[in-house]
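Each residue of the sequence shown is one higher than the one before, counting from 1 in UniProt numbering.
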Amino acid sequence: MEVILVPAFADNYIYVLRDAASGKVGVVDPGEAAPVQAELERRGWSLTHIFLTHHHDDHIGGAAELKARHRASVVGARADAHRIPGLDVALGDGDRTVFGEQTARVFAVPGHTSGHIAFWFEAAETLFSGDTLFSLGCGRLFEGTPAQMWESLQSLRALTDQTRVYCGHEYTQSNGRFALTVDPANAALHRRMEEVAALRERNQPTIPTTVGMERRTNPFLRADDPGVQAAIGMAGAPAVEVFAELRRRKDHFRG
Ligand SMILES: [Zn+2]
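Set out below in structure tokens:
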């Protein structure tokens, strides 16, 4: 499965997918239609599927126009059916959805929003995590509790190490500046930040990351790590409390 990054707005990523075996073409979280349409025209492709992780406008804003233009099928969360216009395929936790020769497993990942889902394409080991899991960070808790988000992140953390993670925003460098304040002795994090700095200097994306990389470097996946706990003065505390404290500090971080 081919994945093409389409930058949108200031720091969003929209993803165009193509399953080579079937020729099906999908898009994930088209916050605006124009850059997606331009990419499709450049390649001579027509859209068959529109995958939506959550209802925020910067993720669905272009969906209606693209659906009308291509007669594509809109795939999203059943829990968000009331606030995703034009939803055709409504899915919940554990459901599978077919895209050409590929199958995606759906994870309900509440926290950023109550209806947020993630798509894991099993054979391609490719995850679209929306605004739940970012590289070196996680989404703000607009509609969920720390306990919900921690559980959601644990389900994504359990995916295969090699799984490529495509998230909704290019936030890696600023996330990493915060990560260094709560996990300062993590050598893998320091190495990753050097890599990220080099990419950003050349204006290159830091996405995709991998589940393995995030498990080693993302503090929001490491609330049960003794090093992170010690660094924030919460050695031995329940992971969910550590996670809540990390999220609270990140909300107030000015780096
Ligand atoms: Zn969002």
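Note that CB positions come from ideal geometry on N, CA and C, so glycine has one too.
Open item on the list: Classify V211: buried if its beta carbon has 16 or more other beta carbons within 10 angstroms, exposed otherwise.
Closed with: When all chains shown are included, V211 counts as buried.
Task: Within the UniProt domain "Metallo-beta-lactamase" (11-169), ranges of the alpha helix (DSSP H) (whole runs, at least 4 residues) - done: Secondary structure in the UniProt domain "Metallo-beta-lactamase" (11-169): the alpha helix (DSSP H) runs of 4 residues or longer, each lying completely within the stretch, are 34-43, 57-60, 63-70 and 146-157 in chain order.
TODO: Starting from A188, trace the alpha helix (DSSP H) both ways and give me its first and last residue.
DONE: Taken as a continuous stretch (DSSP letters only), the alpha helix (DSSP H) holding A188 covers A187 to E201.
Task: P7: first and last residue of the uninterrupted beta strand (DSSP E) it sits in - done: Counting along the chain, the beta strand (DSSP E) containing P7 begins and ends at E2 to A8.
Task: beta-carbon H56 near ligand 1 non-hydrogen atom, thresh 6 Å - done: When distances are taken from the beta-carbon of H56 to the heavy atoms of ligand 1, the shortest one is below 6 Å.
Open item on the list: Taking 6 Å as the cut-off, is the beta-carbon of D131 closer than that to any non-hydrogen atom of ligand 1?
Closed with: Checking every heavy atom of ligand 1 against the Cβ of D131, one is found closer than 6 Å.
- [ ] Label G255 either buried or exposed according to how many other C-beta atoms from any shown protein chain fall within 10 Å of its C-beta, with 16 as the threshold for buried.
- [x] By the 16-neighbour rule on beta-carbons within 10 angstroms, G255 is exposed.
Open item on the list: Does the contact criterion of 3 or more C-beta pairs under 8 Å hold for the stretch 212-219 versus the stretch 113-121?
Closed with: Contact between the stretch 212-219 and the stretch 113-121 is absent: fewer than three C-beta pairs spanning the two stretches fall below 8 Å.
Task: With 16 other Cβ atoms within 10 Å as the buried cut-off, status of T48 - done: Counting the other Cβ atoms within 10 Å of the Cβ of T48 gives 16 or more, which makes it buried.
Open item on the list: Quick check: D58 and G31, are their CB atoms within less than 7 Å of each other?
Closed with: Yes, Cβ-Cβ distance for D58 and G31 is below 7 Å.
Open item on the list: For the stretch 143-157 against the stretch 233-249, do three or more pairs of beta-carbon atoms, one drawn from each stretch, fall closer than 8 Å, so that the two count as touching?
Closed with: The stretch 143-157 vs the stretch 233-249: in contact.
Task: Own chain partners of E65 with C-beta closer than 7 Å, once the 5 adjacent residues on each side are dropped - done: Within the same chain, E65 has close Cβ partners A33.
- [ ] Would you check if there are 3 or more beta carbon pairs closer than 8 Å linking the stretch 119-131 to the stretch 100-109?
- [x] Taking one beta carbon from each stretch, the stretch 119-131 and the stretch 100-109 have 3 or more pairs nearer than 8 Å; the two touch.
Open item on the list: Going by the DSSP bridge assignment, what does T209 pair with across the sheet?
Closed with: DSSP, once it has assigned bridges, lists V165 as partnering T209.
- [ ] Would you kindly check if the distance between the Cβ of Y13 and the Cβ of V3 is under 7 Å?
- [x] At least 7 Å separates the beta-carbon of V3 from that of Y13.
Task: A108 at chain D interface by Cβ criterion, 7 Å - done: In the structure shown, chain D does not exist; there is a single protein chain.
Open item on the list: Suppose you measure from the CA of R83 to the CA of D183; what does that come to, to the nearest Å?
Closed with: Going by the C-alpha atoms only, they are around 38 Å apart.
Open item on the list: Going by DSSP, what residue range makes up the alpha helix (DSSP H) through D251?
Closed with: It spans A239 to D251 - the alpha helix (DSSP H) in which D251 sits, taken as one unbroken run.
TODO: Counting only the same chain and skipping the five closest in sequence on each side, list residues whose C-beta sits under 7 Å from that of H55.
DONE: Taken in chain order, the residues that qualify are D80, R83, I84, T113 and G115.
TODO: Kindly indicate which residue of L133, R78 and F142 has the alpha-carbon position closest to the one of D251.
DONE: Of L133, R78 and F142, the residue nearest in Cα terms is F142.
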